[in-house]
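In our numbering, the protein residues as written are 644 to 799.
Virtual Cβ for every residue (Gly too), placed ideally from N, Cα, C.
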């Protein structure tokens, strides 16, 4: 059975497009906000498929970018080389090579270059939210202005 990813808008509605006939339907997905995010559905054309609801605030782009991090708070915590796996306007996911001493709630300075035509250099401050072995998830701090280059880079 085919599975499609559907992005949910801030008003908890989504556009569901049948993978067989391309019929589009607007639907409220508010009842599923804190419940199942995988739903089986059937189109008018008879096609059955699975919808994966994505409630993220920002589109997340898969990447393969090198970068570095430095622990800002608490001070003197060290740093290292990272491999950025995904990025959005709201945060970043990366892997760390080797042993690290990262902990939730630490504030990092992350430096990296986008692989856009200008090789734009970005420096972002982020808070560590998720640690799964060497895979780290961070949210960008709200106090920073959004760089235009990142906005253009993230356009699907």
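Contact check for residue 671 and residue 684: beta-carbon distance about 14 Å, past the 8 Å limit, so the pair fails to qualify. Counting only runs that start and end inside the stretch 712 to 769, the beta strand (DSSP E) elements of at least 3 residues fall at 722 to 730, 734 to 739 and 750 to 756. As DSSP reads the structure, residue 771 sits in a beta bridge with 781. No Cβ-Cβ contact shorter than 8 Å links residue 710 with residue 783. Each residue's CA atom was taken as its position, placing residue 698 and residue 740 some 30 Å apart. Unbroken beta strand (DSSP E) runs of no fewer than 3 residues, entirely contained in the stretch 646 to 675, are found at 656 to 660 and 667 to 671, following chain order.
A Cβ-Cβ separation of about 5 Å places residue 694 in contact with residue 649 under the 8 Å criterion. DSSP places residue 796 outside any beta strand (DSSP E); the residue lies instead in the alpha helix (DSSP H), whose first and last residues are 791 to 796. Here the stretch 769 to 780 makes contact with the stretch 734 to 754; the two share three or more CB pairs at distances below 8 Å. DSSP, read as helix, strand or coil, puts residue 698 in coil. The secondary-structure analysis by DSSP pairs residue 710 across a beta bridge with 725 and 755.
703 is the residue among 675, 653, 703 and 645 whose C-alpha sits nearest the C-alpha of residue 798.
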